[in-house]
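What follows is a single structure, written as structure tokens, with notes after it.
2 protein chains.
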Amino acid sequence: MKTHTYISPPLPVAELVLRDAFSRRKLVVMLCSCSVIYEGRSATILGEGERLVIVKPDGAVLVHRPRGYSPVNWQPDSQVLEARLDGDTLIVKSLRAKPRELLEIRVTRVDAIIVAEGMVDNAEFQELIDEAEIRDALVRHPELIEPGLRVVAKEKKLGDAGYADIYAVDGQGRHVIIEVKRVTAGREAVEQLRRYVDVFRRENPEAPVRGILVAPALTEPAQKLLEEYKLEYRKLDLRRVRKILEEERRASKQPSLLSFVKRS
Amino acid sequence: MKTHTYISPPLPVAELVLRDAFSRRKLVVMLCSCSVIYEGRSATILGEGERLVIVKPDGAVLVHRPRGYSPVNWQPDSQVLEARLDGDTLIVKSLRAKPRELLEIRVTRVDAIIVAEGMVDNAEFQELIDEAEIRDALVRHPELIEPGLRVVAKEKKLGDAGYADIYAVDGQGRHVIIEVKRVTAGREAVEQLRRYVDVFRRENPEAPVRGILVAPALTEPAQKLLEEYKLEYRKLDLRRVRKILEEERRASKQPSLLSFVKRS
DNA sequence: GCCTACATGTCGACA
DNA sequence: TGTCGACGTGTAGGC
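From first to last, the protein sequence lines stand for chains A and B. Just so you know, the first sequence maps onto residues 1 to 264 in this note's numbering. Just so you know, the second sequence maps onto residues 265 to 528 in this note's numbering.
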């Protein structure tokens, strides 16, 4: 990575720096005073203030205020990027094609710019406990849900309704549709499960079927709704699932945290 | 805004710079090579690579890779921020209290740091076309949904089900529950409306009631589901709504774009 | 503090 | 390409 830094550059200098950076797909970080106009799926106006502006090599644009996680304005990617001096304002325009969205940053003062060229980042990103992993752990260990449960399929397609996380048969031979949530389940999760069970019932009118929502916790309205629909809930012990995943990872000689860091 | 810039500072220098910045709540922008470990609601490992790291005055932390809108790791805010040199690695730790989450950035090389002090940004942010505004426009102009419609309430509470966007009565005196979406409506939107209508029916068993989904477009599965539930759809002409909103804004002498920019 | 619904959500996966 | 569902979603607003 090669970086160039510009301290309080006059706007005409900043214009040239940005143009070069945009055309050569460099990363730009700019501290400046600006106002912003956005027009696309929504439309917003942001008055003058001091901001952090980021333009990435792929055309992603972020305008950050001094607080918080979220950018106040942004463009996930852009097809056209331009910098143009208009009197005493440096106008940065970002145009996105689909959906058609325009972001216009009107810069009145630049405090600092860093341009980075040739940033290299090919590292792997490992997500250790996402919903799919939890589901797969439950598929391998259905006893965590209920003794005697036998998994028939995961991601089972149910007509137009979508995909049930797990489809199983219980100790009494009844069909079981299982919806897994990684976080506290609300009304939406219950509705989702209801939809799957409904479709299964319609497709298999004779078959006895249960619906089980598996989650670390339930909101109170969700519990009421579950009862109303005669669906069931099993508490998911996340700590236990994590432990199992860790053990299996160790057993399969996946890189541990330490070895990963050392290697990279 | 006062900025300080450090080009390729040795790690011990970077450590001091970060410590000072964290303790005095300055904004930090750092281009560096690092690996990242996160542990909290989930757990992730990111190998070594060149990244843009941002630490905001409120403790928000963002780690950006060279592409895309989303940070690869982050902290929406943090209670504890520390920088500590450990051999030839500069460890930046961010601890969030609730939920308890730890972000650890292991920096092996710093290419550039900008520290900004006293960033001032008090500007107003105007959101011009969010869902609430569309809904209010429809409340004022229900004829955009259907002639003869008379609005009774907006954000009408419906038992445990939540809030219906608009509650109205039609030309024949039938009750109408209306759900407004500003983007293409999918299955979820239909389920939401169904829930509202269901609750209304239960609470008013005698009353004839219709459910209308108002959105600029419908996905095909959503349309099927609507028919199945005997609910209705009205296309929302966003352009027309925008026009109406603009005219009303002009009429009420809200600051226009131009006057806003000039004033601020 | 819990819960709900919105968001310019973004993003990946799959038909 | 359209559609769906997860996300460490974040965030605002009610109660």
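All residues carry an ideal CB built from backbone N, CA and C; glycine is no exception.
Check whether the region 83 to 99 of chain A touches the region 16 to 33 of chain A, counting contact only when three or more Cβ pairs, one atom from each stretch, lie closer than 8 Å. yes
Closer than 8 Å by C-beta to M265 (chain B): which residues in its own chain qualify, once you throw out the five before and the five after it? Chain order, please. Reading the second sequence from its first residue, position 1 is the one you call residue 265 (chain B). In chain order, A380, E381, G382, M383, V384 place their CB closer than 8 Å to the CB of M265 (chain B), counting only its own chain and leaving out the 5 sequence neighbours on each side.
Span of the beta strand (DSSP E) holding D86 (chain A)? The residue labelled residue 86 (chain A) in the question sits at position 86 within the first sequence. 80 to 86 is the extent of the beta strand (DSSP E) around D86 (chain A).
Can you give me the start and stop residues for the alpha helix (DSSP H) that Q75 (chain A) sits inside? Within the first sequence, residue 75 (chain A) is the residue found at index 75, counting from 1. Segment 73 to 75 is the beta strand (DSSP E) holding Q75 (chain A); no alpha helix (DSSP H) there.
Does D429 (chain B) come out as helix, strand or coil in the three-state DSSP assignment? Residue numbering aside, residue 429 (chain B) sits at position 165 when the second sequence is read from its first letter. D429 (chain B): strand per DSSP, three-state reduction.
Of all the CB atoms in chain A, is at least one closer than 8 Å to the CB of Q487 (chain B)? Sequence index remark: in the second sequence, residue 487 (chain B) carries index 223 (1-based). By the rule that beta-carbons nearer than 8 Å mark a contact, Q487 (chain B) does not touch chain A.
Could you tell me the distance, in whole angstroms, from the CA atom of A515 (chain B) to the CA atom of K420 (chain B)? To locate residue 515 (chain B), count along the second sequence from 1; it is residue 251. To locate residue 420 (chain B), count along the second sequence from 1; it is residue 156. Straight-line spacing of the CA atoms in A515 (chain B) and K420 (chain B) works out to 29 Å.
Out of A:R210, A:T5, A:R242, which one is the CA nearest neighbour of E232 (chain A)? In the first sequence, the residue the question calls residue 232 (chain A) occupies position 232. Closest by alpha carbon: A:R210.
For E368 (chain B), go through chain A and note every residue whose CB falls closer than 8 Å to its CB, in chain order. If you number the second sequence from 1, residue 368 (chain B) lands on position 104. Under the 8 Å cutoff, chain A gives no residues; its nearest Cβ is about 11 Å from E368 (chain B).
Any contact of the region 89 to 109 of chain A with the region 304 to 319 of chain B, i.e. 3+ C-beta pairs under 8 Å? no
Using DSSP bridges, identify the partner residues of G211 (chain A). Your numbering for residue 211 (chain A) matches position 211 in the first sequence. Paired residue(s): A:I177.
Would you say L44 (chain A) reaches chain B, if we count a Cβ-Cβ gap shorter than 8 Å as a contact? The residue you call residue 44 (chain A) lines up with position 44 of the first sequence. It is Thr, not Leu, that sits at residue 44 (chain A) in the sequence shown. Yes - at least one Cβ of chain B is within 8 Å of the one on T44 (chain A).
Does any C-beta atom of chain B lie closer than 8 Å to the C-beta of I129 (chain A)? Position 129 of the first sequence, counted from the first residue, corresponds to residue 129 (chain A). At least one chain B Cβ lies under 8 Å of I129 (chain A).
R96 (chain A), DSSP secondary structure in three states: The residue labelled residue 96 (chain A) in the question sits at position 96 within the first sequence. Note: R96 (chain A) maps to strand in three-state DSSP.
Can a CB atom of chain A be found closer than 8 Å to the CB of Q343 (chain B)? Residue numbering aside, residue 343 (chain B) sits at position 79 when the second sequence is read from its first letter. Proximity of Q343 (chain B) to chain A, defined by a Cβ-Cβ separation below 8 Å, is not satisfied.
Extent of the continuous alpha helix (DSSP H) to which A21 (chain A) belongs: Here residue 21 (chain A) refers to the residue found at position 21 of the first sequence. Per DSSP, A21 (chain A) belongs to the alpha helix (DSSP H) from 11 to 23.
Which residue wins for smallest C-alpha separation from N468 (chain B), given the options B:V440, B:V478, B:K445, B:L280? Here residue 468 (chain B) is taken as the residue at index 204 of the second sequence, counted from 1. N468 (chain B) has its Cα closest to that of B:V440, out of B:V440, B:V478, B:K445, B:L280.
Can you look up I244 (chain A) in the DSSP assignment and give me helix, strand or coil? Position 244 of the first sequence, counted from the first residue, corresponds to residue 244 (chain A). I244 (chain A) falls in the helix class under three-state DSSP.
Between K320 (chain B) and chain A, is any beta-carbon pair separated by less than 8 Å? Within the second sequence, the letter at position 56 stands for residue 320 (chain B). It does: the Cβ of K320 (chain B) has a partner Cβ on chain A nearer than 8 Å.
Could you compute how far the alpha carbon of V525 (chain B) sits from the alpha carbon of D58 (chain A)? Position 261 of the second sequence holds residue 525 (chain B). Position 58 of the first sequence holds residue 58 (chain A). At V525 (chain B), the pLDDT of 41 sits below 50, so the modelled position is not reliable; the number obtained from the coordinates is stated separately. Taking the CA atoms as reference points, V525 (chain B) sits about 30 Å from D58 (chain A).
T448 (chain B) burial status per 10 Å Cβ neighbour count (16 or more: buried): Walking along the second sequence from the start, residue 448 (chain B) turns up at place 184. So T448 (chain B) counts as exposed.
Supposed close pair R234 (chain A), I145 (chain A) - CB separation, criterion 8 Å: The residue given as residue 234 (chain A) occupies position 234 in the first sequence. The residue given as residue 145 (chain A) occupies position 145 in the first sequence. That pair is a contact at about 5 Å.
Can you list the residues of chain A that E314 (chain B) reaches, using a CB-CB cut of under 7 Å? What you label residue 314 (chain B) is simply residue 50 of the second sequence in a count that begins at 1. By Cβ distance, chain A contributes M1, M119, V120, D121.
Partner residues on chain A for R329 (chain B), Cβ-Cβ distance less than 8 Å: Numbered from 1 along the second sequence, position 65 holds the residue referred to as residue 329 (chain B). Those are D121, listed as they occur along chain A.
Measure the alpha-carbon distance for S528 (chain B) versus R399 (chain B) and round it to whole angstroms. Taking the second sequence and counting its residues from 1, the one referred to as residue 528 (chain B) is at position 264. Taking the second sequence and counting its residues from 1, the one referred to as residue 399 (chain B) is at position 135. Residue confidence for S528 (chain B) is low, a pLDDT of 36 falling below 50, so the modelled location carries little weight; the figure read from the coordinates is stated next. Whole-angstrom Cα-Cα distance: 29 Å.
Starting from the beta carbon of T269 (chain B), find every residue of chain A whose beta carbon is closer than 7 Å, and list them in chain order. As a position in the second sequence, residue 269 (chain B) is number 5, starting the count at 1. Near T269 (chain B) (Cβ distances below 7 Å), the residues of chain A are T5, I7, A112.
Following the continuous beta strand (DSSP E) through E484 (chain B), name the residue where it begins and the one where it ends. Locating residue 484 (chain B) in the second sequence gives position 220, where the first residue counts as 1. No beta strand (DSSP E) holds E484 (chain B); the alpha helix (DSSP H) holding it covers 484 to 492.
Pull up the DSSP beta-bridge partners for I7 (chain A), would you. Taking the first sequence and counting its residues from 1, the one referred to as residue 7 (chain A) is at position 7. A:A112, per the DSSP bridge assignment.
Please confirm whether Q390 (chain B) has its beta-carbon closer than 8 Å to some beta-carbon of chain A. Counted from its first residue, the second sequence places residue 390 (chain B) at position 126. Yes, because at least one Cβ of chain A sits closer than 8 Å to the Cβ of Q390 (chain B).
Out of B:V403, B:Y427, B:G351, B:P335, point me to the one whose CA is closest to Y460 (chain B)'s CA. Indexing the second sequence from 1 puts residue 460 (chain B) at position 196. Closest by alpha carbon: B:Y427.
Does DSSP put Y233 (chain A) in a helix, a strand or coil? Numbered from its first residue, the first sequence carries residue 233 (chain A) at position 233. The answer is strand: DSSP assigns Y233 (chain A) an E or B state.
Give every residue of the same chain whose Cβ lies closer than 8 Å to the Cβ of R202 (chain A), excluding the five residues on either side of it in the sequence, and list them in chain order. One-based indexing of the first sequence puts residue 202 (chain A) at position 202. Within the same chain, R202 (chain A) has close Cβ partners G159.
To be precise: take each residue of the region 28 to 43 of chain A, compare its Cβ to all Cβ atoms of chain B, and keep it if any distance is under 8 Å. Which residues remain? V29, L31, S33, S35, I37, R41, S42, A43
Let's test the definition: count the other Cβ atoms within 10 Å of the Cβ of G87 (chain A) and tell me whether it reaches 16, buried, or not, exposed. Translated into positions along the first sequence, residue 87 (chain A) becomes position 87. By the neighbour-count rule (16 or more Cβ atoms within 10 Å), G87 (chain A) is not buried but exposed.
Contacts of D160 (chain A) in chain B (Cβ-Cβ under 8 Å): Sequence index remark: in the first sequence, residue 160 (chain A) carries index 160 (1-based). Correct list: P485, K488, L489.
Positions along the region 489 to 518 of chain B whose CB lies within less than 7 Å of some CB in chain A: none
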